[in-house]
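Peer 1: I'd like to ask some things about the structure below.
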Amino acid sequence: MVNAGRIACIFTPFALCLASLVCIIIVFLGGWNARSTTLGNYYFLKADLTGFTVNNTGLDPVPGTNLDNDVLNQALNQAKAATNITDFYTIYLWNYCSWDGSDKYSFCSKREAYFAFDPVEVWGLENTGVQNAFPKELQDGLKAYKAVSKWMFVAYIVALVATCIELVVGISAIFSRWGSFCTTFFSTLSSLFILAASITATAMFSVLLGTFNKVFEAYGIKASLGPEMMRTTWLAVAFSFGAGFFWLLSVCCCSGRSPYGGKKDTKRVKVEKTPYTYERVGSPNLGPQGGAHPYGEAQGQQIPMHNLGPNAKGGAYEPFRPSHV
Numbered sequence: 001m002v003n004a005g006r007i008a009c010i011f012t013p014f015a016l017c018l019a020s021l022v023c024i025i026i027v028f029l030g031g032w033n034a035r036s037t038t039l040g041n042y043y044f045l046k047a048d049l050t051g052f053t054v055n056n057t058g059l060d061p062v063p064g065t066n067l068d069n070d071v072l073n074q075a076l077n078q079a080k081a082a083t084n085i086t087d088f089y090t091i092y093l094w095n096y097c098s099w100d101g102s103d104k105y106s107f108c109s110k111r112e113a114y115f116a117f118d119p120v121e122v123w124g125l126e127n128t129g130v131q132n133a134f135p136k137e138l139q140d141g142l143k144a145y146k147a148v149s150k151w152m153f154v155a156y157i158v159a160l161v162a163t164c165i166e167l168v169v170g171i172s173a174i175f176s177r178w179g180s181f182c183t184t185f186f187s188t189l190s191s192l193f194i195l196a197a198s199i200t201a202t203a204m205f206s207v208l209l210g211t212f213n214k215v216f217e218a219y220g221i222k223a224s225l226g227p228e229m230m231r232t233t234w235l236a237v238a239f240s241f242g243a244g245f246f247w248l249l250s251v252c253c254c255s256g257r258s259p260y261g262g263k264k265d266t267k268r269v270k271v272e273k274t275p276y277t278y279e280r281v282g283s284p285n286l287g288p289q290g291g292a293h294p295y296g297e298a299q300g301q302q303i304p305m306h307n308l309g310p311n312a313k314g315g316a317y318e319p320f321r322p323s324h325v
């Protein structure tokens with residue numbers, strides 16, 4: 001039988017685990033629907049090209065290279081003329097979306113695992129030789145981003161699966177501490193991977209943001225991190241660790257068994273808990289005392305007192321034998 005205290009003890013980590021799962025799902029749903037501006041706000045990085053220009057002849061050579069900006073200017077001009085460059089780009093876990101002017105997306109790329117945003121491919125610059133015009137810092141940053149994004153995607157997947165298992169196994173925690181122990185294992189796994197994914201996403205896109213702004217600032221291109229996405233992924237971490245703490249607490253406390261263990265045991269425990277009391281027993285030699293009756297009176301019989309006289313010498317030991325004067 002499960003008591004109410006055990007159920008209340010399990011409710012807190014179960015609710016925190018559910019909240020963490022909702023946050024992780026939001027991370028996965030970002031950019032899925034081009035018509036949803038709400039989910040569209042959950043992006044990791046946003047590039048603003050509304051101030052983009054390549055008609056600046058006073059630009060210094062591209063930082064980190066021995067090339068001037070002619071190659072890059074020409075390539076970006078071609079991309080702009082071919083309408084390959086739009087005003088805004090938002091990067092998500094599965095894909096990217098782009099649009100001009102209004103808040104509605106004009107295009108969202110196909111969702112794919114291990115997605116990484118490649119500006120050369122997106123802007124149609126593959127055959128322009130612009131890769132060589134990019135500074136080494138940006139080239140290294142893009143390579144690292146493509147490699148690390150795979151690990152980030154795997155970490156989010158493991159966190160999602162572990163959190164789902166945690167919820168299912170968490171039902172068994174209502175009935176026993178062993179259930180709490182198993183749930184704590186999956187909660188720890190989920191917490192570690194969602195923490196790793198959040199750290200990776202924050203560090204990776206922060207580095208990419210700095211590199212992107214440094215290289216393209218002269219062209220009027222600005223990038224920024226997505227506050228909603230960062231807030232959501234770190235809320236998932238907080239909820240997950242909170243759930244893990246209370247799951248562990250439910251292993252040590254809040255026993256799932258009733259303190260009485262059933263109706264029979266209830267009577268037994270009640271009897272054992274009854275305080276012991278002292279009741280004085282009347283002596284048959286001294287007569288009734290304090291309302292006590294001699295032996296046999298309860299059955300309506302009297303014990304003959306002449307048989308209770310002194311025993312013969314050598315008889316049985318009588319501890320309460322009266323003294324003779």
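Residues 1 to 325 in the UniProt record's numbering are what the sequence shown lists, from first letter to last.
Ideal Cβ positions, reconstructed from N, Cα and C, are used throughout, including at glycine.
The structure presented is a predicted model; accordingly, all values stated were derived computationally and were not measured.
(1) Since F193 contacts A238 with CB under 8 angstroms, what's their CB separation in whole angstroms?
(2) For K146, which of F117, E166, F11 and G40 has the nearest alpha-carbon?
(3) Provide the residue span of the alpha helix (DSSP H) that contains L45, from first to last.
(4) Under 8 angstroms between the Cβ atoms of S191 and F241?
(5) Thinking C-beta only, is F115 closer than 8 angstroms to I221?
(6) State the beta-bridge partners of L21 as determined by DSSP.
(7) Just the Cα atoms here: how many angstroms apart are I7 and L248?
(8) Is there contact here, the stretch 196-214 with the stretch 164-171, by at least three beta-carbon pairs under 8 angstroms?
(9) Here's the rule: buried if 16 or more other CB atoms are within 10 angstroms of the residue's CB, otherwise exposed. What is T183?
(10) Judging by CA-CA distance, which residue of A159, C97 and F88 is the nearest neighbour of S36?
(11) Could you have a look at K146 and say whether DSSP puts it in helix, strand or coil?
(12) Can you list, in chain order, the residues of its chain with a C-beta nearer than 6 angstroms to that of L235? Leave out the 5 residues immediately preceding and following it.
(13) Identify which residue in E228, Y156, V215 and A144 has its Cα closest to the Cα of T196.
Peer 2: The relevant details are as follows:
(1) Not confirmed; about 15 angstroms, so no contact.
(2) F117
(3) Looking at the DSSP string, L45 is not in any alpha helix (DSSP H); the run it does join, the beta strand (DSSP E), is L45 to D48.
(4) yes
(5) no
(6) For L21, which the question treats as bridged, DSSP gives no partner whatsoever.
(7) 15 angstroms
(8) no
(9) buried
(10) C97
(11) helix
(12) C23
(13) Note that residue 196 is Ala in the sequence shown, not Thr. Nearest of E228, Y156, V215 and A144 to A196, Cα basis: Y156.
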